[in-house]
């Protein structure tokens, strides 16, 4: 994923559900994050799909998800990083994680 300008980020309070990609909820205005210790920031692709989301805690990225989609919009791959721990998850045609 390329570096993003601050203007490209959208901010959220939290997420809901267990499926990937994360369902970010509680939109925040950019000026509202200055007073928050924890929040999510996200970028979206040209089709409006969640491309990357990061959980920030005291200004540091604690968790990062990067997503890839096929031409039909189904999730094909998720890369999840928590500090030094990185997981790559391939998904089936319905966007469900493949079990190995």
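Residue numbers (my numbering): 20 to 119. Cβ coordinates follow ideal geometry from the N, Cα and C atoms, glycine included. As the structure is a computational prediction, the values presented were derived from the model and not from experiment.
By the beta-carbon neighbour count (other beta carbons within 10 angstroms, threshold 16), residue 60 is buried. Just so you know, the alpha carbons of residue 57 and residue 94 end up roughly 27 angstroms apart. Within the same chain, and ignoring the five residues on either side of residue 34 in sequence, the residues whose Cβ sits closer than 7 angstroms to its Cβ are 41, 42, 43, 44, 59. Here the C-alpha atom of residue 74 lies approximately 6 angstroms from the C-alpha atom of residue 81.
Boundaries of the beta strand (DSSP E) harbouring residue 94: 94-101, taken from the DSSP string. The alpha-carbon separation between residue 98 and residue 64 amounts to approximately 16 angstroms.
Boundaries of the beta strand (DSSP E) around residue 35: 29-35.
If you check the CB distance, residue 38 and residue 92 do not come in under 9 angstroms.
Sequence-distant Cβ neighbours of residue 96 in its own chain, meaning closer than 8 angstroms and more than five residues away, are 86, 87, 107, 108, 109, 110.
Put simply, of 71, 78, 90 the residue whose alpha carbon is nearest the alpha carbon of residue 84 is 71.
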